[in-house]
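Trainee: Following my numbering, the numbering of the sequence shown begins with 79 at its first residue and continues without gaps. Following this message is one structure expressed as structure tokens.
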Amino acid sequence: MQQRIPPGFIQDLLARADIVEVVGQYVELKKTGTNYKGLCPFHGEKTPSFTVSASKQFYHCFGCGAHGTAIGFLMEHAGMGFVDAVKELAGRYGMTVPEPDLDPQQLRQIQQQRSLQATLVDALQTADGFYQHRLRHSERAKNYLIARGLQGQVAKKFGLGYAPDDWQPLAGAFANYNADALVQSGLVVARDAAGDTLDPQAESFASAQRRYDRLRDRITFPIRNLRGEVIGFGGRIIDQGEPKYLNSPETAVFHKGEELYGLFEARSAISRAGYALVVEGYMDVVALAQFGVEQAVATLGTACTAQQLQKLFRHTGQVVFSFDGDTAGRRAARRAMEQALPLLSDTRVVKFLFLPAEHDPDSYVREKGAEAFEREIGRAQPLSEFLFSSLFDGVAMTTAEGRAQAIHEAGPLLSQITAPALLGQLVADLARRLEMPATELREVLRLSSPSRKPSAPAESFGTRGMKTAPRVRGGREALRAFAAVPKDPLRQLLPLLLSQPELWWSINPAQHALLSLEPGPLQGLVLTLESILEDQPELSAAALWEALRAAGHAPEEVLAESPDPLELDEAAAKQDLLAILSRLERAALKRRQDELVAGGLVADADRTEYRSLALRLKEIDQAPRG
Numbered sequence: 079m080q081q082r083i084p085p086g087f088i089q090d091l092l093a094r095a096d097i098v099e100v101v102g103q104y105v106e107l108k109k110t111g112t113n114y115k116g117l118c119p120f121h122g123e124k125t126p127s128f129t130v131s132a133s134k135q136f137y138h139c140f141g142c143g144a145h146g147t148a149i150g151f152l153m154e155h156a157g158m159g160f161v162d163a164v165k166e167l168a169g170r171y172g173m174t175v176p177e178p179d180l181d182p183q184q185l186r187q188i189q190q191q192r193s194l195q196a197t198l199v200d201a202l203q204t205a206d207g208f209y210q211h212r213l214r215h216s217e218r219a220k221n222y223l224i225a226r227g228l229q230g231q232v233a234k235k236f237g238l239g240y241a242p243d244d245w246q247p248l249a250g251a252f253a254n255y256n257a258d259a260l261v262q263s264g265l266v267v268a269r270d271a272a273g274d275t276l277d278p279q280a281e282s283f284a285s286a287q288r289r290y291d292r293l294r295d296r297i298t299f300p301i302r303n304l305r306g307e308v309i310g311f312g313g314r315i316i317d318q319g320e321p322k323y324l325n326s327p328e329t330a331v332f333h334k335g336e337e338l339y340g341l342f343e344a345r346s347a348i349s350r351a352g353y354a355l356v357v358e359g360y361m362d363v364v365a366l367a368q369f370g371v372e373q374a375v376a377t378l379g380t381a382c383t384a385q386q387l388q389k390l391f392r393h394t395g396q397v398v399f400s401f402d403g404d405t406a407g408r409r410a411a412r413r414a415m416e417q418a419l420p421l422l423s424d425t426r427v428v429k430f431l432f433l434p435a436e437h438d439p440d441s442y443v444r445e446k447g448a449e450a451f452e453r454e455i456g457r458a459q460p461l462s463e464f465l466f467s468s469l470f471d472g473v474a475m476t477t478a479e480g481r482a483q484a485i486h487e488a489g490p491l492l493s494q495i496t497a498p499a500l501l502g503q504l505v506a507d508l509a510r511r512l513e514m515p516a517t518e519l520r521e522v523l524r525l526s527s528p529s530r531k532p533s534a535p536a537e538s539f540g541t542r543g544m545k546t547a548p549r550v551r552g553g554r555e556a557l558r559a560f561a562a563v564p565k566d567p568l569r570q571l572l573p574l575l576l577s578q579p580e581l582w583w584s585i586n587p588a589q590h591a592l593l594s595l596e597p598g599p600l601q602g603l604v605l606t607l608e609s610i611l612e613d614q615p616e617l618s619a620a621a622l623w624e625a626l627r628a629a630g631h632a633p634e635e636v637l638a639e640s641p642d643p644l645e646l647d648e649a650a651a652k653q654d655l656l657a658i659l660s661r662l663e664r665a666a667l668k669r670r671q672d673e674l675v676a677g678g679l680v681a682d683a684d685r686t687e688y689r690s691l692a693l694r695l696k697e698i699d700q701a702p703r704g
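If you want it as structure tokens, here you go:
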């Protein structure tokens, strides 16, 4: 059950929190004028383009467009959900998040779930300490890791341990081996009288007749969430045997389709490298890290899921999958591609690295070295190439039948892509390969025009199907260049209001009416903004941002392509706001004139109105411009 946090609490929290202090715990910031700058944690860069405003309580990166509040920073940098980010921030400032307005039974359920999760994490942390201790005292386990070329430093970084070769070694770590928490956490397997394994998420374990450790005689790999808490384990058998790897089962704290091994450890490296490398095994991640390739993560024994990809895209815009070059590897790559297609944007990149059949990342980096491995990464196949190679594999493209088959295969894949520029490029490329016009191919595939509206939730308030303006920088001059690009007038105006909401009160009633009537996909955002500010006129920029997010909008999509929203002073911003409003009024007047002309200007009232409109247009055109 998702907790609802009162908007008033969010506002109070953002008023008390200092974004410079929050961000400064993760990013080295230096004061430059009224703001602070540092290297962006969301993309690799050598020259600081990441700016934090103490006055507006915003961060903004001019390199990648990242933008948000202290809450948003914790969500994006630490991968937290909204509620967790609020709790984390509230805890830092001695504030208690109020309980939602729920009935006693619902509150009881929430509290029980939280208590259970805390108990399970505590049990897993205890087991982690026990396994690490036993590794230090097991020559056999240490020799195995040494033989694999692992050093103590990397083993310590990833918390590697050893589960002894016995049925109940964890009895030495816990006072009560029969505690339900050990089964619920996946540490212990419970079987009933019939020998059936009980579900760790069962309501009762009263029928358990036998209990034993899940991991035995295995190297243990703790799986951490983005807060660094142990939520599960992977275990690699030391000698020969099956299964080679054994993972924790699904529990109240561990959902393998949502987690990635090594992401907690790899966050900073992913930011520096500018991409995340997805490999198949725990040992691949650890071995690569030892050789300096620290941006690797691994799926947990399953094909990569959409949830895992979404989590990676919070940290980087580029994901490289590494698979074996055999049939199984290409099949896994195809599944990963299908998961990635609906998540692609025009700024997200997915690539595929296929190593020689005799190698996995672990063996390759050991034999060839890190530089050679990174050269292979540089030669990774773009998703577009892999997509077409998959479509054309085994297809006779020289025949009409073969090309028809390729089109048939392409339709369900391309229809998942919501990124307009990428889709347009792929369709054009496919059309060229098929030797047919792109417009005809779109019709055959039943794809709408390039400006079709995608269904991505992040664009729910209407950035859909719009041309992206070129990014520009540099204060007032940049804003004027930005405003000069033909686009939705609301898209020109909203960055000013979002960064300086006090400007809302400089808009007169007539201009308010214009804004509320202006057609376009951003109108819903404007109306919501008006409603929020009318109720709370003193709302800060950061609090307005979070209020809009709570209302289902994504203001970051508006600011993503805007120029500097932090450097422009209030007077200059107001001047530009009024200029945009003038252009908006002019466009509305011209539309009305066109309507009157289309009606023939037969009535005297129509001719009088037309002349009045012409006079007002002349006044606007002759007004001084800043």
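Heads up, the beta-carbon is just placed ideally off N, CA and C, and yes, glycines get one too.
Under three-state DSSP, which class holds I297?
Mentor: As a position in the sequence shown, residue 297 is number 219, starting the count at 1. Strand at I297.
Trainee: Which value, in whole angstroms, describes the spacing of the CA atoms of A330 and A259?
Mentor: Here residue 330 refers to the residue found at position 252 of the sequence shown. Here residue 259 refers to the residue found at position 181 of the sequence shown. Using only the alpha carbons, I get a separation of about 11 Å.
Trainee: At 4 residues or longer, and completely inside the segment 434-458: list those alpha helix (DSSP H) runs for me, N to C.
Mentor: 439-446, 448-456
Trainee: Go ahead and label W583 buried or exposed: buried means 16 or more other beta carbons lie within 10 angstroms of its beta carbon, across all protein chains shown.
Mentor: Taking the first residue of the sequence shown as 1, we reach residue 583 at position 505. Exposed is the call here.
Trainee: Mind checking whether Y114 and H155 have CB atoms under 7 Å apart?
Mentor: Position 36 of the sequence shown, counting from 1, holds the residue named residue 114. Position 77 of the sequence shown, counting from 1, holds the residue named residue 155. Their beta carbons are not under 7 Å apart, which means Y114 does not touch H155 by this criterion.
Trainee: For V398 versus L431, is the C-beta distance shorter than 7 Å?
Mentor: As a working note, residue 398 is residue 320 in the sequence shown. As a working note, residue 431 is residue 353 in the sequence shown. Their beta carbons are under 7 Å apart, which means V398 touches L431 by this criterion.
Trainee: Between the Cα of G447 and the Cα atoms of Q368, Q388, E608, which residue gives the shortest distance?
Mentor: Position 369 of the sequence shown holds residue 447. Measuring from the Cα of G447, the nearest candidate turns out to be Q368.
Trainee: Judging by CA-CA distance, which residue of S282, E281, A286, A251 is the nearest neighbour of T275?
Mentor: Walking along the sequence shown from the start, residue 275 turns up at place 197. When each option's Cα is compared against that of T275, the closest is A286.
Trainee: Assign Y255 to one of three DSSP states: helix, strand, or coil.
Mentor: To locate residue 255, count along the sequence shown from 1; it is residue 177. Y255 falls in the coil class under three-state DSSP.
Trainee: Inspect the beta-carbon positions of L167 and A95 and report whether they are closer than 7 Å.
Mentor: For the purposes of this step, residue 167 is taken as residue 89 along the sequence shown, with counting starting at 1. For the purposes of this step, residue 95 is taken as residue 17 along the sequence shown, with counting starting at 1. Going by C-beta atoms, L167 is nearer than 7 Å to A95.
Trainee: Hey, quick one: how far does the alpha helix (DSSP H) through R409 stretch, first residue to last?
Mentor: Along the sequence shown, read from residue 1 onward, the residue named residue 409 stands at position 331. Taken as a continuous stretch (DSSP letters only), the alpha helix (DSSP H) holding R409 covers 405-418.
Trainee: Measuring alpha carbon to alpha carbon, tell me which of Q373, S468, E416, G159 ends up nearest L74.
Mentor: Within the shown structure, residues of the chain are numbered from 79 to 704, placing residue 74 beyond reach of any answer.
Trainee: By the three-class DSSP mapping on this structure, what secondary structure does T110 have?
Mentor: Within the sequence shown, numbered from 1, the residue matching residue 110 stands at position 32. Note: T110 maps to strand in three-state DSSP.
Trainee: Helix, strand or coil, according to DSSP, for G102 in the structure here?
Mentor: Within the sequence shown, residue 102 is the residue found at index 24, counting from 1. Here G102 sits in helix by DSSP.
Trainee: Evaluate A201 with the Cβ neighbour count: other Cβ atoms within 10 Å of its Cβ, from every protein chain shown; 16 or more gives buried, anything less gives exposed.
Mentor: Here residue 201 refers to the residue found at position 123 when the sequence shown is read from its first residue. Classification of A201: buried, given that the 10 Å Cβ count is 16 or more.
Trainee: In or out: N221 buried (at least 16 other Cβ within 10 Å) or exposed?
Mentor: Position 143 of the sequence shown holds residue 221. Counting C-beta atoms within 10 angstroms of its own C-beta, N221 has fewer than 16 neighbours from the protein chains shown and is therefore classed as exposed.
Trainee: Ignore the nearest five residues each way along the sequence and tell me which others in L711's own chain have a CB closer than 8 Å to its CB.
Mentor: Missing from the structure shown is residue 711; the chain here goes from 79 to 704 and no further.
Trainee: Measuring straight from C-alpha to C-alpha, what distance separates E358 and P460?
Mentor: Within the sequence shown, the letter at position 280 stands for residue 358. Within the sequence shown, the letter at position 382 stands for residue 460. Roughly 19 Å separates the two Cα atoms.
Trainee: Given this structure, state the Cα-to-Cα distance separating L611 from R670, to the nearest angstrom.
Mentor: Here residue 611 corresponds to residue number 533 of the sequence shown, with the count starting at 1. Here residue 670 corresponds to residue number 592 of the sequence shown, with the count starting at 1. For L611 and R670, the distance between alpha carbons rounds to 30 Å.
Trainee: Could you give the DSSP three-state label for R392: helix, strand or coil?
Mentor: Against the sequence shown, residue 392 aligns to sequence position 314. Collapsing the DSSP output to three states places R392 in coil.
Trainee: Can G102 and H121 be called in contact, C-beta distance under 7 Å?
Mentor: Position 24 of the sequence shown holds residue 102. Position 43 of the sequence shown holds residue 121. No, they are not a contact pair.
Trainee: How about T298 and G239: do their beta carbons lie closer than 7 Å?
Mentor: In the sequence shown, counting from the first residue as 1, residue 298 sits at position 220. In the sequence shown, counting from the first residue as 1, residue 239 sits at position 161. Yes; because the gap between Cβ atoms is below 7 Å, this pair is in contact.
Trainee: Quick check on the burial criterion: 16 or more other C-beta atoms within 10 angstroms. Buried or exposed for L693?
Mentor: Position 615 of the sequence shown holds residue 693. Only exposed fits L693, as fewer than 16 other CB atoms lie within 10 angstroms of its CB.
Trainee: What's the call for P176, buried or exposed, on a 16-neighbour Cβ count within 10 Å?
Mentor: For this step, residue 176 is matched to residue 98 along the sequence shown. With fewer than 16 Cβ atoms within 10 Å of its Cβ, P176 is classed as exposed.
Trainee: Where does H138 fall in DSSP's three states?
Mentor: Looking up residue 138 in the sequence shown gives position 60. H138: strand per DSSP, three-state reduction.
Trainee: DSSP state of L355, grouped into three classes?
Mentor: Counting from 1 along the sequence shown, the entry for residue 355 is found at position 277. Taken through DSSP and simplified to helix, strand or coil, L355 comes out as strand.
Trainee: In whole angstroms, what separates the C-alpha of L421 from that of L341?
Mentor: Taking the first residue of the sequence shown as position 1, residue 421 is located at position 343. Taking the first residue of the sequence shown as position 1, residue 341 is located at position 263. Cα to Cα, the separation comes out at about 19 Å.
Trainee: Any chance the segment 397-414 sits against the segment 318-325, with 3 or more Cβ pairs inside 8 Å?
Mentor: no
Trainee: Near R289, what residues of its chain come up, given a Cβ to Cβ distance below 6 Å and the 5 sequence neighbours on each side ignored?
Mentor: Here residue 289 refers to the residue found at position 211 when the sequence shown is read from its first residue. V266, A268, listed in sequence order.
Trainee: Quick test of the definition: if touching needs 3 or more C-beta pairs under 8 Å, does the segment 455-475 touch the segment 377-394?
Mentor: no
Trainee: Considering Cα atoms alone, identify which of P490, I485, A701, R524 is closest to D507.
Mentor: As a working note, residue 507 is residue 429 in the sequence shown. When only C-alpha atoms are compared, the closest one is I485.
Trainee: Our contact map puts A241 next to G313 with C-beta atoms below 8 Å; I'd like the distance itself, whole angstroms only.
Mentor: The sequence position of residue 241 within the sequence shown is 163, counting from 1. The sequence position of residue 313 within the sequence shown is 235, counting from 1. Contact holds; Cβ gap of about 6 Å.
Trainee: Quick one, are the C-beta atoms of L626 and P579 less than 7 Å apart?
Mentor: As a first step, residue 626 must be located in the sequence shown, where it is residue number 548. As a first step, residue 579 must be located in the sequence shown, where it is residue number 501. Contact flag unset, no.
Trainee: Taking L572 as the reference, which of E521, K652, G630 has the closest Cα?
Mentor: Reading the sequence shown from its first residue, position 494 is the one you call residue 572. Considering only alpha carbons, the answer is K652.
Trainee: From this set, Q210, S618, R170, E687, which residue's C-alpha is nearest P85's C-alpha?
Mentor: The count along the sequence shown starts at 1 and reaches residue 85 at position 7. Ranking Q210, S618, R170, E687 by Cα distance to P85 puts S618 first.
Trainee: Could you please give me the residues that DSSP links to P321 through a beta bridge?
Mentor: Position 243 of the sequence shown, counting from 1, holds the residue named residue 321. According to DSSP, which records beta bridges pairwise, P321 is partnered with nothing at all.
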